[in-house]
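**Q**
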Amino acid sequence: MKNTLLYSAAALIATSAAANAQSIDYQVMSEMFGEPVTTGATGAPQRSTDVPATMIIITQDDIANAPEYDIPGILRHYSGVDVARFSMGQGEVGIRSAASPYTPRLLVLVNGREVYLDSYGYTAWSTLPVSLDEIQQIEVVKGPQSALYGFNAVAGVVNIITRNPAFGDYANATAEVGTNGYQQYRLSGGRALNDQIALRFSYGRTDGRDFDVEPDATEAVGLRAANPDFSREHFALGGSVQFTDKVGLTFEYTQSEAEVLELTSVYSSAANAYDLTSYQGELGADTEFGYITLSAYRNESQIAYSFGDLDGELTSFKLQDLIKVGTNDTLRFAVEFRTAKTASFPDTTAGDLNYETLAFSGMWNHKFSNRLETTLAVRYDMVDWSRDGSPNPALYPYTQSDYDVSFEEFSYNAALVYKPEAGGTVRLSAARGIQAPTMFDMGFPLPVGAAVLIGDPGIQPSIVDNIELAYDRSLSNGVQLRTALFWQNTDDVKSSLGGAPGLFPPNAPLPAYVFGNRGESRLWGFEGSLAGMIGENVDWDLNYTYKSVEDDLAPFPTSTLLDFEGITPEHTVNAHLGWTSGRISLDGYANYVSDTTMPFQPVFGAVASREIDGHISFSGRASYALSDNLDLSLTAQNVNFGDGELTTPVYETEARYWVSLRANF
């Protein structure tokens, strides 16, 4: 009966003005179908276990109970997700891949907008313009998803969806104060002004003393002394307007600032200040030709890296048509155009670096029966690069015309979802993802002593192929079992982590460490999770991930510290036990990460390796409901780390404690 209701809901929503992620009532649908629901993969609502990819949906309750102050911290408790804490404000996330600094393999969305910085092609998690209290759900999609989700979704997708006041007014206020100068204040709310207009806002600020530094990390020691504190602040204002029963508009403005100690993509230390602004709008119309949306967003970034200032802008337009054909077929067609520009960096005389992308995509979801359905998606990207000025011949081994580069790439996602009579869900999927070059990959120079680190306009996109077999099942005792076996190959890996320059005079004005394609890396792994209840008061979950990596990285002039085998933990284990009775709730968490070996730069240009021992951390949260609308809680994070545990090469992750007072209306 629930399956029938779900497909009926899908048919209704796909042909109404409620077919985008911000305009369905997730709470009601999740309660109706007994598990979280998403529209992210196909555009039509699906249970998390029915989507054509392995997906985790993290709910409001999961977020509220976690002993964390940011989104990377929340994500570390789930299978297939690697999180490395490089400083208090830099938590990096990898999905079935290493969580390296400035990882360029992950697509992160906030209400459908890509929070992507073109410089290194990464997400600065400290700048996300959302408060934890306003998040409706976080969807973690594993494996390449370029054809289904778009640009840069080569390792996976983190899709953050905030609450929609059109389905209920809300207000939240949280104050947190703790050790090491930690303070976080969050305020968010939303209200439907009438049947047509709803508005929401959020504000947040975080401050705290950053982690201590390993004494031999010479450059980081100096940066930490001059910039001892982490801070971030954000504001967001958005809403929706329903013009008619069939036409609606959603919009959002965000502003975020952060001052963060970080490691860059080459593991060098930096103290960076971010100032990011975004504008977003989507117009949707229910027509006889399907549910048509026209969406646009603009990201503006001003980043003061410790090695230079970088300004950039990205504008994207997308036209999409979602069509429900009968009760068994859903079609989606889209065309997307994006244009990006970044000012010359750090030499301001070399002209802006630009690219334009035109992409066409299509998706077909077909339901053969209540037990079997398939999803096929394809995407074709055409990218053109250019440079507005002539590079300085004293720094660059390339001319302006060398940056007139074009490439075209094809990606796909294919999945078969089967529900056998014996129970459970079997998911077989294959995918091809595209990792496009970033601005640094293409053309920015950085001095390294008497040499230079520089991008190469001849660099090629990395291609990621993935095959996966997954099985989910609800066991007889109510325990939820989820398993997946996966294989992945990355061809034309991009990096500059060579042990010596690759170009020398007269072929270059200075000895040059050049970004380039460095071979391939293969990975296979397994992940499994169990979750259930003991009686009515105790909930628990346990997950394990195994990954085996084999690198074939030959094209370096001498040696390389690019080592996916080393930086990827072979084993990760996460466990959670929660107890609730009346006004009291207690939650305990344990996280284990096995040994890794990471690059280490005590001074920029002096690259070595550092062994990171396997480690287990314990965290917990105790909460007491003072009233129906007011909670008091105590959080203890990484309690066994004391004054510091080396979990990454430079900064020592510390035990932290804080008290929270949260009001919900």
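If you're matching positions, the sequence shown starts at 1 in our numbering and goes up one per residue.
Ideal Cβ placement from N, Cα and C applies to all residues, glycine included.
(1) Does DSSP put tyrosine 602 in a helix, in a strand, or in coil?
(2) Let me check one thing: in DSSP terms, what residues is threonine 59 bridge-paired to?
(3) Assign histidine 234 to buried or exposed, taking buried as 16 or more other Cβ atoms, counted over all protein chains shown, within 10 Å of its Cβ.
(4) If you follow the beta strand (DSSP E) that valine 83 is part of, which residue opens it and which one closes it?
(5) Does the contact criterion of 3 or more C-beta pairs under 8 Å hold for the segment 141-160 versus the segment 173-187?
(6) Could you tell me which uninterrupted beta strand (DSSP E) segments, each at least 3 residues in length, are contained entirely in the segment 224-266, listed from first to last along the chain?
(7) Start and end of the beta strand (DSSP E) containing leucine 199?
(8) So, arginine 105 versus glutamine 435, is the Cβ gap smaller than 8 Å?
(9) Alpha carbon to alpha carbon, how far is threonine 648 from phenylalanine 600? Give it in angstroms, no decimals.
(10) Can you grab the Cα-Cα spacing for the pair tyrosine 657 / isoleucine 534, in whole Å?
(11) How should methionine 382 be labelled, buried or exposed, when 16 other C-beta atoms within 10 angstroms of its C-beta is the threshold for buried?
(12) With a threshold of 8 Å, are at least 3 pairs of Cβ atoms found where one atom belongs to the segment 540-550 and the other to the segment 580-589?
(13) Return the first residue and the last residue of the beta strand (DSSP E) that isoleucine 71 is part of.
(14) Is it buried or exposed for aspartate 133, if we count other Cβ within 10 angstroms and need 16 for buried?
(15) Starting from the Cα of serine 361, find the closest Cα among Thr327, Asp321, Ser386, Leu372 and give me that residue.
(16) How many Å lie between isoleucine 71 and alanine 394 at the Cα?
(17) Out of Ala236, Glu611, Arg662, Ala220, which one is the CA nearest neighbour of serine 202?
(18) Bridge partners for asparagine 466 per DSSP, in chain order?
(19) By a C-beta neighbour count over all protein chains shown, 10 Å radius and 16 as the cutoff for buried, is leucine 469 buried or exposed?
(20) Would you check if the segment 368-383 and the segment 417-430 touch, i.e. whether three or more CB-CB distances between them fall below 8 Å?
(21) With distances taken from CA atoms, which of Ala636, Val639, Phe641, Asp631 is nearest alanine 663?
(22) Quick one: is glutamine 145 buried, meaning 16 or more other Cβ sit within 10 Å of its Cβ, or exposed?
(23) So, do the segment 189-203 and the segment 258-278 have three or more beta carbon pairs nearer to each other than 8 Å?
(24) In the DSSP assignment, find the beta strand (DSSP E) that holds methionine 88 and state where it starts and stops.
(25) Would you list the one or two residues that DSSP bridges to alanine 124?
(26) Put glutamine 400 into one of helix, strand or coil per three-state DSSP.
(27) What number of angstroms, rounded off, separates the C-alpha of tyrosine 7 from the C-alpha of leucine 107?
(28) Expressed to the nearest angstrom, what Euclidean distance is found between the alpha-carbon atoms of leucine 319 and arginine 298?
(29) With H, G and I counted as helix, E and B as strand and the rest as coil, what does DSSP make of leucine 148?
(30) Kindly indicate which three-state DSSP category glutamine 46 falls into: helix, strand or coil?
(31) Below 8 Å on the Cβ atoms is my contact criterion, and I expect phenylalanine 604 with tyrosine 170 to pass it. Report the Cβ-Cβ distance as a whole number of Å.
(32) Roughly how far, in whole angstroms, is the beta-carbon of threonine 596 from the beta-carbon of isoleucine 616, given that I think they are within contact range, below 8 Å?
(33) Of the residues Gln90, Arg85, Arg47, Asp212, which one's Cα is nearest the Cα of serine 139?
(34) Considering aspartate 631, what are the terminal residues of the beta strand (DSSP E) in which it resides?
(35) Give the range of the beta strand (DSSP E) segment to which phenylalanine 360 is assigned.
(36) In terms of residue numbering, what span does the alpha helix (DSSP H) encompassing glycine 566 cover?
**A** According to the structure data:
(1) At residue 602 the sequence reads proline, which differs from the tyrosine that was named. Under the three-state reduction of DSSP output, proline 602 falls in the strand class.
(2) Gln137.
(3) By the 10 Å Cβ count, histidine 234 comes out buried.
(4) Its beta strand (DSSP E) spans residues 81-85.
(5) No: fewer than three Cβ pairs fall under 8 Å.
(6) Whole beta strand (DSSP E) segments, 3+ residues: 229-242, 247-263.
(7) Element bounds for leucine 199: 197-209.
(8) Yes, Cβ-Cβ distance for arginine 105 and glutamine 435 is below 8 Å.
(9) Rounded to the nearest angstrom, the gap between the Cα atoms of phenylalanine 600 and threonine 648 is 9 Å.
(10) Here the alpha carbon of tyrosine 657 sits roughly 29 Å from the alpha carbon of isoleucine 534.
(11) Taking every protein chain shown into account, the CB of methionine 382 has fewer than 16 other CB atoms within 10 angstroms, so this residue is exposed.
(12) With the cut-off at 8 Å, the segment 540-550 and the segment 580-589 do not touch.
(13) Isoleucine 71 -> not in any beta strand (DSSP E); alpha helix (DSSP H) instead, spanning 71-75.
(14) The C-beta of aspartate 133 has 16 or more other C-beta atoms within 10 Å across all chains shown, which makes the residue buried.
(15) Closest in alpha carbon position to serine 361, among Thr327, Asp321, Ser386, Leu372, is Asp321.
(16) Put simply, the backbone Cα of isoleucine 71 is about 43 Å away from that of alanine 394.
(17) For serine 202, the nearest C-alpha among the options comes from Ala236.
(18) For asparagine 466, which the question treats as bridged, DSSP gives the partners Ala431, Gln488.
(19) Flag for leucine 469 reads exposed.
(20) Yes: at least three Cβ pairs fall under 8 Å.
(21) Minimum Cα distance to alanine 663 is reached at Asp631.
(22) Counting Cβ neighbours within 10 Å, glutamine 145 comes out buried, since at least 16 surround it.
(23) The segment 189-203 is not in contact with the segment 258-278.
(24) Careful: methionine 88 lies outside any beta strand (DSSP E) and carries neither H nor E.
(25) Answer by DSSP bridge pairing: none, since alanine 124 is not bridged.
(26) It is helical.
(27) Reliability of the predicted coordinates at tyrosine 7 is poor, the pLDDT of 44 falling under 50, and the value obtained from them is presented with this limitation in mind. When the Cα atoms are used, tyrosine 7 and leucine 107 turn out to be separated by approximately 28 Å.
(28) Taking the straight line from one Cα to the other gives about 15 Å.
(29) Correct three-state label for leucine 148: helix.
(30) Three-state result, glutamine 46: strand.
(31) Wrong, their Cβ atoms sit about 47 Å apart, outside the cutoff.
(32) Their Cβ separation, rounded to whole angstroms, is 14 Å, which puts threonine 596 and isoleucine 616 out of contact at 8 Å.
(33) One point to set straight first is that residue 139 is glutamate, not serine, in the sequence displayed. Looking at the Cα atoms, Arg47 is the closest of the given residues.
(34) Here the beta strand (DSSP E) through aspartate 631 covers 630-637.
(35) First-last of the beta strand (DSSP E) with phenylalanine 360: 353-367.
(36) It spans 564-567 - the alpha helix (DSSP H) in which glycine 566 sits, taken as one unbroken run.
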